[in-house]
Structure formats: structure tokens, C-alpha cells
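Residue numbers (this note's numbering): 1306 to 1501.
Next comes the structure, spelled out in C-alpha cells:
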């Protein structure tokens, strides 16, 4: 398992290390930001969901960002500093430190890969959750790894969610977003927590 897998990255990466930044693009301009970043050769990810758009008498399904103002950007700190000068609509998500300062949110690589695998699932009942909905349940839920099937290797929490009959696999990006999918119990392996 990679360092700090289910927490945000604790160590500060060097200026030229490729990392996943949690970023914002205000006023629902996530896709415009992604387009501009991709023009600069930068890999991005925006969690998406289906929405029914009603235009007059015609209803169409369209993919839209699932979480307002949230995107993830895979780049180096050095390059992001330069890009922020030319793409002013992107901003870092930050979190408070123990000293009261704020630091940029960086998501560990393995955790980001697990989250993206869940979010790109089309037929497993993908559902985005507010962190308030599941915060207490995560503490009580089992930390698990999926062995087999579409989510082989994905780690997260196996919990019950209000309004859903079966337990679900939940992968979180702490303090930002959570996504859940249906998995059958036979592919769920509980990860034993290490004793200090």
C-alpha cells in the first residue's frame, strides 16, 4: 500500500514530482478549465454524472460535472505555478494545517486511481455522496480491498448507505468528495488495520 493511502498526502512533494492536485474552477467552469489544461498537455479528471436536460419537448441525457467546482489535475508544482498565470480560472483546494496556515490539497496516486476507477464505472450504480452523509459511517465501516471483477485492487470502505438495501464500496477524497458503487460480498476482502 502506498504512503498515506486513505488520507491526503502528508509530505510536501518536490517541485518536479508529478502529483494529483485537487482544484476548483468557480462558476461551473470545470470543463472549460479541463479544455485549457489539456491544451497545455496536462492530464485532468472531473467526476461526471448523467443528467436529463429538458429542452422544450425534447429530453436528452447529458454528462455533467458531478461536483460543482471540482477537478483533479496531474502535474508538477513548478508547471502548475506557470499554468495558473495563463489559466486564471483554476484555483487550488486548500486545507488548514495545525499551525493555522493553509496547504494545497494533494491526493496520493493510488487513492486517485481507485477513485477514478469507481467514477468511470457505468453500470454499477455509481452514486456520489456528501461527506456529511457518510462521515460517521466511514469510521464504523470496514476498510476493504476488492479482489476480482471490475474493481479488482480498489480499496475503500464497505458500508450501508441510507436508502440503499445492500452495502456499497465507498472511495473518498477526504474533505472533498465520495463515490460509491455496488459490489457483491464475495469480492470484498477486509484489510486488517495495523496495530501501533
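Beta carbons: idealized from backbone N, C-alpha and C, even for Gly. Computed from a predicted model, the values in this text were never measured in an experiment.
1) For residue 1310 and residue 1415, what's the separation of their Cα atoms in angstroms?
2) Short of 8 Å in beta carbon distance, which residues of its chain neighbour residue 1547, apart from the five on each side in sequence? Order them along the chain.
3) Just to confirm my understanding: we take residue 1323, look at its own chain, exclude 5 residues before and 5 after, and list those with CB closer than 8 Å. What are they?
4) Looking only at DSSP bridge pairs, what is residue 1401 linked to?
5) Compare the Cα-Cα distances from residue 1429 to each of 1448, 1473, 1394, 1395 and report the closest residue.
6) Taking only three categories from DSSP, how would you classify residue 1434?
7) Given a cut-off of 8 Å on the beta-carbon distance, is the pair residue 1394 and residue 1337 in contact?
8) Under 8 Å: do the stretch 1397-1417 and the stretch 1325-1332 share three or more Cβ pairs, one atom per stretch?
9) Put residue 1353 into one of helix, strand or coil per three-state DSSP.
10) Taking the alpha carbon of residue 1421 as the point to measure from, which residue in 1319, 1350, 1341 has its own alpha carbon closest?
11) Could you give the distance in angstroms between the alpha-carbon of residue 1417 and the alpha-carbon of residue 1359?
12) So if DSSP puts residue 1475 in a beta bridge, which residue, or which two residues, is it bridged to?
13) Please state whether DSSP places residue 1427 in a helix, a strand or coil.
14) Roughly how many angstroms lie between the CA atoms of residue 1437 and residue 1493, to the nearest whole one?
15) How would you label residue 1345, buried or exposed, when you count the other beta carbons within 10 angstroms and need 16 or more for buried?
16) Assuming residue 1328 is part of the beta strand (DSSP E), what are its boundary residues?
Once the coordinates are examined:
1) Low confidence applies here, because residue 1310 scores a pLDDT of 40, under 50, leaving its location unreliable and the question unanswered by this model.
2) In this structure the chain extends from 1306 to 1501, so residue 1547 is not present and cannot be described.
3) The beta carbon of residue 1323 sits closer than 8 Å to the beta carbons of 1379, 1380, 1381 from its chain, once the five residues preceding and following it are set aside; these are given in chain order.
4) Under DSSP, residue 1401 takes part in a beta bridge, and its partners are 1407.
5) Among 1448, 1473, 1394, 1395, the Cα nearest to that of residue 1429 is on 1473.
6) DSSP, reduced to helix, strand and coil, places residue 1434 within a strand of the structure shown.
7) Closer than 8 Å, so yes.
8) They touch, by the three-pair rule.
9) Three-state DSSP puts residue 1353 in a strand.
10) Here the closest residue by C-alpha is 1350.
11) In a straight line, the C-alpha of residue 1417 is about 33 Å away from that of residue 1359.
12) Residue pairing for residue 1475: DSSP places it in a beta bridge opposite 1462, 1485.
13) Here residue 1427 sits in coil by DSSP.
14) Going by the C-alpha atoms only, they are around 25 Å apart.
15) With fewer than 16 other Cβ atoms within 10 Å, it is exposed.
16) 1324-1329 is the span of the beta strand (DSSP E), which, as asked, contains residue 1328.
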